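Letter 111 of the sequence shown, counting from 1, is numbered 102 in our numbering, and no numbers are missing. Built from N, CA and C at the ideal position, the CB exists for glycine as well. Predicted, not measured: the structure shown is a model, and the values here were computed from it. One structure is given here, and the rest of the page talks about it.
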Amino acid sequence: MSVKEKELKINQQLRQVNLEQEEKCREIQELEELEADYFSIHQQEQQYYQALIFNNEGSQYTGHFIKLDDEANRIHQYERQRLEDIAERLVSEEVQLRDKEEELYIQRAQLFSDIERVEDDRYGH
């Protein structure tokens, strides 16, 4: 493979990594927005259940509302863990892309260094 072909291949890989990084940034931003929306809804839900429990204190339905609140909290914990797992995966993928980008830049720098060395040897520098 010629030097020019190697350079083209490295540059193509860098463009692909950059596209993947942009996509990962969009995914992270969407996840952050989803988390914000989810926690806002959860907060409203908690206020609703607390109001129901308070307003129906002593009622035969109080136990039912407490069970609903407990179930909502279990679901919230599950969803929160799921969102955290997704966030960890995205950050890990982002780090891998950054490492791959750095590796490609190193390869490209090495390629140019090799070219300069060959030219120096050729012209007796």
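Check                                                                                                                                                                        : Outcome
Do the segment 76 to 94 and the segment 4 to 13 make contact, defined as three or more Cβ pairs closer than 8 Å?                                                             : yes
Under 7 Å, do residue 71 and residue 1 count as touching if we go by C-beta distance?                                                                                        : no
Enumerate in chain order the residues of its own chain whose CB-to-CB distance from residue 22 is below 8 Å, with the five nearest sequence positions on each side excluded. : 74, 77, 78 and 81
With a 10 Å radius around its C-beta and 16 neighbouring C-beta atoms as the bar for buried, classify residue 8 as buried or exposed.                                        : buried
Could you tell me whether any Cβ in chain D is nearer than 7 Å to the Cβ of residue 46?                                                                                      : Among the chains of the structure shown, chain D does not appear; only one protein chain is present.
Can you check which of these residues, 51, 67, 46 and 58, is closest to residue 31 by C-alpha distance?                                                                      : 67
In angstroms, rounded to a whole number, what distance separates the CA positions of residue 27 and residue 42?                                                              : 23 Å
Inspect the beta-carbon positions of residue 4 and residue 102 and report whether they are closer than 7 Å.                                                                  : no
Between the alpha carbons of residue -1 and residue 113, how many angstroms are there, rounded?                                                                              : 24 Å
Can residue 53 and residue 46 be called in contact, C-beta distance under 7 Å?                                                                                               : no
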